[in-house]
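In our numbering, the protein residues as written are 33 to 814.
Backbone N, C-alpha and C define an ideal beta-carbon position, used for all residues, glycine too.
Right, one structure below, let's go through it.
Encoded structure:
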């Protein structure tokens with residue numbers, strides 16, 4: 033590496049234009065793949081379609097559109113409820129490009145007319161026994177499996193309860209296929225529906241809310257992305273203000289951005305060549321490239337300032353900068369590139385995209401920072417001598433590092449003590465499996481979901497089984513009904529609960545008796561109206577109910593059982609799929625988004641039928657399944673980092689020095705977050721490669737500075753490099769600090785990890801490394 037850097041500095045000084053041309057050529061050639069590459073900014077673009085959990089759900093979604101369903105709950109006075117439900121239905125029906133269907137009124141009359149065919153077999157048998165035998169009133173409750181005397185209208189309509197109405201909405205477009213751009217702009221299907229409902233329901237004295245996957249996803253994404261969009265400019269301005277301290281000359285400060293912009297273009301070209309499309313992940317890749325790209329530039333700029341401030345001429349200063357800081361930059365970059373390369377091995381498309389973008393982007397950034405930036409410096413110098421600036425000063429840095437070297441054992445004991453205290457909190461470690469505790473806190477759809485469960489005993493996340501025959505659907509439904517975990521079962525078996533041919537035959541044979549009895553009871557009612565007493569023990573209400581039931585049984589015997597073609601659409605969509613399979617929906621009382629709970633429910637459902645699928649598959653795949661491979665990825669990253677350090681330093685003592693900052697900082701950060709009761713979610717997988725890369729990078733820079741000039745006391749070497757590390761830490765922390773204000777626990781935990789870890793890496797780099805070098809006998813205290 034040293035010989036490459038020596039030759040590179042010679043080329044840069046001798047033929048800067050040629051070096052500049054080559055540096056520009058590489059990213060621009062890759063960028064040629066960008067035009068024409070499709071852009072898919074939806075979340076579906078990064079879903080693992082071949083995953084054991086996600087695959088079956090995505091297949092079900094294509095067939096059933098389960099994720100497209102919204103539930104609108106209205107609460108208020110009955111008269112206003114009727115007006116509101118009708119207004120909502122009319123308004124949404126006028127949006128055919130957004131809303132596929134709306135169910136406002138349940139077909140209660142059809143249910144009442146076909147009650148004889150819809151009730152469970154035990155209820156039908158009781159009705160028939162009472163018609164043919166004992167002579168007591170039929171306990172008739174149309175449209176339900178109940179045998180109570182409740183009012184038929186209340187029981188027959190599952191979309192209405194006292195004081196509340198439920199409206200079912202089916203969106204045209206899968207919410208997973210909605211682009212991030214539409215979500216942030218408020219032009220996605222859910223946003224359009226919400227805006228229309230606000231228009232028509234706002235003037236009414238009603239409380240209303242939406243729930244279902246489209247509502248939960250859209251509310252979380254919109255609130256979080258909008259907040260980040262608003263806060264990012266302030267973060268960039270703060271970072272820019274910090275960079276001015278490093279490079280106060282505006283034109284030179286602007287030059288730092290050029291390599292990063294070119295690296296971004298080249299990376300997009302590489303992504304286009306490998307994946308054939310751009311996803312929303314590439315938009316977030318800029319954060320990683322900016323954080324690490326600025327790191328490389330700052331080390332070069334700070335070292336160049338130091339060399340010029342020492343009175344060295346420009347050519348010598350540039351050569352020493354490239355020879356000295358360049359090697360540390362290259363070694364640190366290779367470790368981080370290796371870490372991101374390991375991430376590309378993940379089974380999930382999201383980390384694969386991130387890993388490739390990070391690895392290629394940082395490789396290009398390293399190449400451009402060591403070629404394009406120095407070449408431009410040379411050209412600027414040839415245009416006239418550039419007034420050198422003073423050495424960058426970081427108050428207290430030198431004193432702290434010197435104390436650590438001269439009190440090495442005390443420094444290491446303090447570090448060890450702090451680490452032990454922090455790690456004592458490991459017993460409080462908590463893996464966060466509840467998605468509602470990871471995404472944005474301001475998601476009203478979650479409270480609405482619980483309200484719908486309380487009012488209508490309905491969840492937006494049932495477990496679904498598609499059966500090829502009615503007999504199989506009945507067997508599955510019976511198994512779910514018998515299982516204590518499942519509280520409600522609906523589907524084909526609810527509409528066709530048994531062999532309707534047998535029922536039809538029983539009704540046909542009993543029809544003369546049913547007719548005769550109805551006529552006798554009607555005659556008794558007419559006699560009562562004329563002043564005659566009713567039969568002993570009978571009341572008008574009982575007789576009227578019995579007459580109504582007998583009339584429906586008589587009509588059912590005449591019409592025969594319903595078939596699939598006669599089912600109302602509101603019922604048919606819950607009975608059979610378009611391809612002919614019969615549906616069974618099994619519900620639990622659980623209304624949250626806890627992946628651990630969903631896993632237990634899924635295993636119970638799969639015991640009943642191995643092909644049971646639900647929205648819980650998505651939550652489990654995103655939260656728990658990712659944790660399974662995240663640990664393997666972390667081990668791979670550590671192996672790559674260790675291999676790079678071994679090849680670079682070739683001495684276990686120097687390797688220990690280089691990794692001491694990231695080890696101590698990571699342990700203290702981990703323990704501190706446990707003490708603070710921060711749940712460790714899958715989102716932390718995103719920042720781990722960055723923290724490891726930057727932490728190891730800090731240690732490598734200090735070690736290379738010490739080895740570059742053995743005459744320097746260790747604290748001076750740490751102070752020299754520590755100036756640049758301090759600035760890279762500040763700029764990266766400024767970038768991540770935005771996440772603290774997103775009201776998003778997952779992103780807040782990412783920010784906390786970086787805001788704890790990076791300053792600790794800086795502190796360990798300027799304290800632990802000098803102290804450890806003295807204790808190991810590699811350097812004198814100075």
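Bounding residues of the beta strand (DSSP E) (the contiguous stretch that carries residue i)
i: residue 198; result: 196 to 203
i: residue 296; result: That residue, residue 296, is in no beta strand (DSSP E); its alpha helix (DSSP H) goes 282 to 307.
i: residue 616; result: 614 to 619
i: residue 134; result: 131 to 135
i: residue 239; result: 239 to 243
i: residue 499; result: 495 to 499
C-alpha gap between residue i and residue j, whole angstroms
i: residue 344; j: residue 39; result: 20 angstroms
i: residue 751; j: residue 426; result: 9 angstroms
i: residue 106; j: residue 602; result: 19 angstroms
i: residue 379; j: residue 193; result: 46 angstroms
i: residue 87; j: residue 650; result: 9 angstroms
i: residue 516; j: residue 619; result: 11 angstroms
i: residue 725; j: residue 514; result: 54 angstroms
i: residue 525; j: residue 227; result: 38 angstroms
i: residue 793; j: residue 64; result: 39 angstroms
i: residue 597; j: residue 139; result: 15 angstroms
i: residue 748; j: residue 46; result: 32 angstroms
i: residue 351; j: residue 696; result: 34 angstroms
i: residue 168; j: residue 509; result: Confidence in residue 168 is poor, its pLDDT being 40 and thus under 50, which makes the residue's placement unreliable; the coordinate value appears in the next sentence. Distance between the alpha carbons of residue 168 and residue 509 is about 31 angstroms.
i: residue 473; j: residue 124; result: 28 angstroms
i: residue 377; j: residue 665; result: 8 angstroms
i: residue 159; j: residue 507; result: 24 angstroms
i: residue 812; j: residue 746; result: 7 angstroms
i: residue 532; j: residue 615; result: 18 angstroms
i: residue 273; j: residue 224; result: 40 angstroms
i: residue 777; j: residue 470; result: 5 angstroms
i: residue 292; j: residue 283; result: 15 angstroms
i: residue 774; j: residue 255; result: 8 angstroms
i: residue 712; j: residue 35; result: 44 angstroms
i: residue 208; j: residue 800; result: 48 angstroms
i: residue 477; j: residue 708; result: 28 angstroms
i: residue 652; j: residue 743; result: 57 angstroms
First and last residue of the uninterrupted alpha helix (DSSP H) at residue i
i: residue 789; result: 777 to 807
i: residue 512; result: 502 to 514
i: residue 524; result: 524 to 527
i: residue 604; result: 601 to 604
i: residue 38; result: 34 to 46
i: residue 154; result: 153 to 161
i: residue 682; result: Note, residue 682: premise wrong, no alpha helix (DSSP H); not H, not E.
i: residue 27; result: Residue 27 lies beyond the range of the chain shown here (33 to 814); nothing can be said about it.
i: residue 632; result: 627 to 640
Cβ neighbour criterion (16 or more within 10 Å) applied to residue i
i: residue 248; result: buried
i: residue 437; result: buried
i: residue 234; result: exposed
i: residue 706; result: buried
i: residue 53; result: exposed
i: residue 677; result: buried
i: residue 174; result: Note that residue 174 scores 33 on pLDDT, short of 50, meaning its location in the model is unreliable and no value can be drawn from it.
i: residue 721; result: buried
i: residue 605; result: buried
i: residue 501; result: exposed
i: residue 309; result: exposed
i: residue 252; result: buried
i: residue 51; result: buried
Whole-number beta carbon distance between residue j and residue i, since they are thought to touch under 8 angstroms
i: residue 527; j: residue 607; result: 5 angstroms
i: residue 375; j: residue 387; result: 3 angstroms
i: residue 242; j: residue 131; result: The Cβ separation is near 12 angstroms, so there is no contact.
i: residue 99; j: residue 206; result: 6 angstroms
i: residue 250; j: residue 396; result: About 36 angstroms separates the two Cβ atoms, so there is no contact after all.
i: residue 499; j: residue 613; result: 6 angstroms
i: residue 356; j: residue 335; result: 6 angstroms
Item to check | Start-end ranges of the alpha helix (DSSP H) lying completely within the stretch 441 to 490, minimum 4 residues | outcome: 476 to 488
Next on the checklist: Which runs of the alpha helix (DSSP H) at least 4 residues long sit entirely within the stretch 376 to 435? Give them in chain order.
Outcome noted: 381 to 414
Item to check | Whole alpha helix (DSSP H) elements within the stretch 695 to 777, 4-residue minimum | outcome: 716 to 740 and 746 to 769
Next on the checklist: List, from N- to C-terminal side, the beta strand (DSSP E) runs of 3 residues or more that fit wholly inside the stretch 78 to 125.
Outcome noted: 101 to 107
Item to check | Runs of alpha helix (DSSP H) lying entirely within the stretch 561 to 595, each at least 4 residues, in chain order | outcome: 572 to 591
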